[in-house]
Amino acid sequence: MFVLLMFGAMLAVPFWAIAVVVKLISVVVPGRRPDWLRDLVRWSAGMATAAAVIVYTIGLGLVQWDASEAESGAGSSPAVPCRSLPPGALDQLAGHEPSYFPLGFNCLLDGGRVVAASGPYSLLNVLAAAFALAAVLSMPAAGILDEFRARAQTKARLVDNTQETP
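Sequential numbering of the sequence shown, starting at 0, is according to numbering that gives the first Met the number 0.
Here is the structure:
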């Protein structure tokens with residue numbers, strides 16, 4: 000199931016990238032709305048959330064793909080991610096274990112030792128975490144911008160009132 004979701008997420012990547020480019024162009028073009036910065040921060044939080052979900056879904060699909068490949072077919076043993084182990088460790092290979100959180104694929108050696116298999120899993124974990132962190136940090140930024148704008152408007156009204164009173 001995760002493999003099918005992975006293909007859907009991979010199809011979503013170009014649309015996500017196009018949306019980001021279009022939004023950046025709209026920010027640069029003159030004639031923006033007065034609340035363009037708040038809108039940009041909120042939109043960025045949403046797009047960072049979408050990116051985290053897309054990256055993690057691709058990673059889930061890759062883990063399930065590798066696990067499925069390792070459990071069926073003539074060339075399934077040793078598991079493809081475990082084939083890059085050093086020759087000494089490859090001789091001790093006893094099995095494999097997929098990890099869906101965090102993303103990874105572990106090679107189990109004789110004696111109970113676990114070795115992380117090669118693959119893009121650590122990069123995908125870092126990307127998903129970075130996008131999620133960006134989304135979480137962007138959400139309060141919109142509130143801070145609202146507070147800043149409210150204080151600026153209050154200050155402007157106070158200045159206007161003092162100038163009108165003779």
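From the three backbone atoms N, C-alpha and C, an ideal C-beta is built for every residue, glycine too.
Keep in mind the model is a prediction, meaning the values are calculated, not measured.
The beta strand (DSSP E) that contains residue i, what's its start and end?
i: Gly103; result: Leu102 to Leu108
i: Met116; result: Residue identity check: residue 116 is Ala in the sequence provided, not Met. Taken as a continuous stretch (DSSP letters only), Ala116 belongs to no beta strand (DSSP E), as it is neither H nor E.
Would you grab the beta carbon distance between residue i and residue j for me? Rounded to a whole angstrom, and I think it's under 8 Å.
i: Trp15; j: Ala50; result: 6 Å
i: Arg37; j: Leu144; result: 5 Å
i: Pro85; j: Ser117; result: At roughly 11 Å, the Cβ-Cβ gap does not stay under 8 Å, so Pro85 and Ser117 are not in contact.
i: Trp35; j: Val26; result: 7 Å
How about residue i and residue j: do their beta carbons lie closer than 8 Å?
i: Ala78; j: Asp90; result: no
i: Leu126; j: Cys106; result: no
i: Val62; j: Pro33; result: no
i: Ala141; j: Val40; result: yes
i: Tyr120; j: Leu59; result: no
So what's residue i in DSSP terms, helix, strand or just coil?
i: Ala129; result: helix
i: Met9; result: helix
Does the beta-carbon of residue i, which I'm using as the reference point, lie nearer than 7 Å to any heavy atom of the ligand FAD?
i: Leu59; result: Summarising the ligand content, the structure contains no ligands, and the ligand FAD is consequently not present.
For the region 18–98, list the beta strand (DSSP E) runs that are entirely contained and at least 3 residues long, ordered along the chain.
-> none
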